[in-house]
Amino acid sequence: MEARRRTVLAAGAAGTAALVSGCSKYGDGSGDAASKTPTTQPATPSGEPSGTAAASPPAGEVLAKTSDIPVDGGKVFDAQKVVVTQPESGEFKAFSAICTHLGCTVKTIADGIINCPCHGSKYRITDGSVAGGPAPKPLPPKQITVSGDTILLT
3 MEARRRTVLA AGAAGTAALV SGCSKYGDGS GDAASKTPTT QPATPSGEPS GTAAASPPAG
63 EVLAKTSDIP VDGGKVFDAQ KVVVTQPESG EFKAFSAICT HLGCTVKTIA DGIINCPCHG
123 SKYRITDGSV AGGPAPKPLP PKQITVSGDT ILLT
């Protein structure tokens, strides 16, 4: 009986020690090395951790070369559900390719107009605003970045 009591008391003491160390405050130095505050590299003025390339390319999915988008026209990217336009030389805009009428994908761009084949909705390439048809509101803008001659969906 005495041996069993010693075993129970030893197990209880070990459990209490684990409980107390588990309740220590994170980062107060009272726990083991795993409870220490993690260290990170200091950030550069651009907000990037030091040691990273300062001139890293912009992040995003490559959509096209700027030369692929005609002036006063555009191109629909079905997989990304985005339409990129070039209202004036060197000026690129992007909008959702999903028609605001019933959710069809716009298909063509001609004469400064983005056209939906389903019910005839039309949108301006300059700002995605409704130019005609049953569409109730403009095409929502999408974020793109032009880096050199590359257009990125960001």
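Residue 3 is where the sequence shown starts when you use this note's numbering, and the numbers rise one by one after that.
Don't be surprised by glycine CBs; every beta carbon is placed ideally from N, CA and C.
Model, not experiment: these values are computed from the prediction.
I need the straight-line Cα distance from residue i to residue j, nearest angstrom please.
i: S69; j: P136; result: 32 Å
i: G75; j: T107; result: 17 Å
i: D151; j: T128; result: 20 Å
i: C118; j: S91; result: 24 Å
i: G134; j: I115; result: 10 Å
i: I71; j: E63; result: 16 Å
First and last residue of the beta strand (DSSP E) that includes residue i?
i: T107; result: Here T107 belongs to no beta strand (DSSP E), and DSSP marks it neither H nor E.
i: S141; result: Looking at the sequence itself, residue 141 is Leu, so the reference to Ser does not match. Here L141 belongs to no beta strand (DSSP E), and DSSP marks it neither H nor E.
i: A61; result: Counting along the chain, A61 falls outside any beta strand (DSSP E), and DSSP gives it neither H nor E.
For residue i, which residues from the same chain have a beta carbon less than 7 Å from its beta carbon, with the 5 sequence-adjacent residues on both sides left out?
i: S98; result: K83, V84, L141, P142, K144
i: S131; result: Y125, P140
i: L154; result: P60, G62, E63, V64, L65, I146, T147
i: T110; result: N117
Which one or two residues does DSSP pair with residue i in a beta bridge?
i: S98; result: V84
i: T152; result: K67, S149
Below 8 Å CB to CB, which residues in the same chain sit around residue i once its five sequence neighbours on both sides are set aside?
i: G122; result: G134, G135, P136
Leaving out five residues on either side along the sequence, give the residues of the same chain with a beta carbon under 6 Å from the beta carbon of residue i.
i: A96; result: V84, V86, K144, I146
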